[in-house]
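The structure appears right after this line, and notes come after that.
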Amino acid sequence: MISWGPIIFGFIFGLIVGFSFRKTEYFNNTSLLVIFIFLIILSYLEGSFPFYTDTSFSLGVLATSCGLVIGKLLFGRKDNSNMDS
Amino acid sequence: MSSEDISPILKIFVLPVSFIFIAVGILTVLGGHITPGGGFQGGATIAAGIILVILVFGLKNSPIQLSHRYISIIETLGALGFIGIGLVGLFYGGSFLYNVGTDFYSIIPKFIVNIFHYPDVTNAGAVPYFNILVGLKVFVGLTAVVIAFLGFKSLKEEEEEDD
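Chains as they are written, first to last, in the numbering used here: chain E, 152 to 236; chain W, 7 to 169.
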């Protein structure tokens with residue numbers, strides 16, 4: 152039985168944090184793909200956390216990773232404007 | 007040491023690590039109602055990942071930007087959401103922060119219980135929502151402290167250069 156709570160709210164939380172990423176010379180979309188693969192491995196190593204899913208993956212980490220990556224792809228194209236004002 | 011002096015190896019290494027910090031922090035927030043941890047601990051872990059990036063890259067070149075507007079929106083959302091769910095418990099259950107998603111005393115209308123029932127098998131009610139809102143508030147709050155200190159430092163350096 153899949154619990155939708157960690158999936159939905161992990162995705163939303165990841166999206167909120169992913170909004171704050173910006174363009175940088177050290178970090179392009181290819182490295183984002185590599186990080187996403189790392190996060191999938193992390194979710195497998197995490198196991199079925201928080202202990203009530205029947206899958207061998209942590210669905211919360213997977214949803215969070217998707218949220219982070221989609222948030223970065225949607226809003227990570229702008230430059231940093233921290234020092235503008 | 008300024009951010010220009012930091013090694014490129016560290017700059018390449020730190021961003022993937024921050025992603026892992028953030029993912030583990032969010033997982034701590036989401037598992038807060040049945041495992042050790044919760045909103046504050048998870049929020050602090052997320053903030054640690056972001057602070058790591060800001061310290062290595064510096065405020066000006068950081069790939070993570072938390073604008074004043076972003077910080078104020080998330081802080082407000084966290085605080086008002088927490089108080090809002092607490093007030094729902096006060097109005098319908100008679101006490102502030104009553105768990106309206108579980109309703110142990112069967113005093114809340116069913117549609118309110120359905121709205122605030124967290125969709126998982128543990129019957130935790132509104133507790134995960136409190137964790138999520140506290141996590142949002144703590145992550146921007148702790149990060150804002152570091153951003154403010156770095157901003158003060160850069161202002162002081164600019165003033166010294168002018169003198």
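Just so you know, even glycine gets a beta-carbon here, dropped at the ideal spot from N, CA and C.
Looking at the secondary structure, which residues open and close the alpha helix (DSSP H) in which residue i lies?
| i | result |
| --- | --- |
| W:Asn120 | 116 to 121 |
| W:Ala29 | 14 to 36 |
| W:Asp168 | 133 to 168 |
| E:Ser216 | 210 to 226 |
Give me the DSSP bridge partner(s) of residue i.
| i | result |
| --- | --- |
| E:Phe172 | W:Ile70 |
| E:Phe178 | E:Thr175 |
Do residue j and residue i have their beta-carbon atoms positioned less than 9 Å apart in this structure?
| i | j | result |
| --- | --- | --- |
| E:Ser96 | W:Leu33 | Residue 96 of chain E is absent from the model: chain E starts at 152 and stops at 236. |
| W:Gly141 | W:Gly92 | no |
| W:Gly48 | W:Leu58 | no |
| W:Gly100 | W:Phe122 | no |
| E:Gly165 | W:Ala150 | no |
| W:Leu21 | E:Tyr177 | yes |
| E:Leu183 | E:Leu224 | yes |
| W:Pro69 | E:Thr175 | yes |
| W:Ala50 | W:Gly38 | no |
| W:Val119 | W:Asp109 | yes |
| W:Phe88 | W:Leu96 | no |
| W:Gly64 | W:Leu156 | yes |
| W:Val146 | W:Tyr98 | no |
| W:Ile79 | E:Val168 | no |
| E:Ser171 | W:Ile56 | yes |
| W:Ile40 | W:Ala130 | yes |
| W:Lys159 | W:Glu81 | no |
Compute the beta-carbon to beta-carbon distance between residue i and residue j, rounded to the nearest angstrom, for a pair I have assumed lies under 8 Å.
| i | j | result |
| --- | --- | --- |
| W:Pro134 | E:Trp155 | With 8 Å as the limit, W:Pro134 and E:Trp155 do not qualify as a contact, their Cβ atoms being about 12 Å apart. |
| W:Leu72 | W:Ile153 | 6 Å |
| W:Ala54 | W:Phe25 | Wrong, their Cβ atoms sit about 13 Å apart, outside the cutoff. |
| W:Gly45 | W:Phe136 | 7 Å |
| E:Gly222 | E:Arg173 | Rounded, the Cβ-Cβ distance is 11 Å, inconsistent with contact. |
| W:Val62 | W:Ile18 | Not a contact, Cβ separation roughly 10 Å. |
### Query
Is there contact here, the stretch 157 to 172 of chain E with the stretch 212 to 231 of chain E, by at least three beta-carbon pairs under 8 Å?
yes
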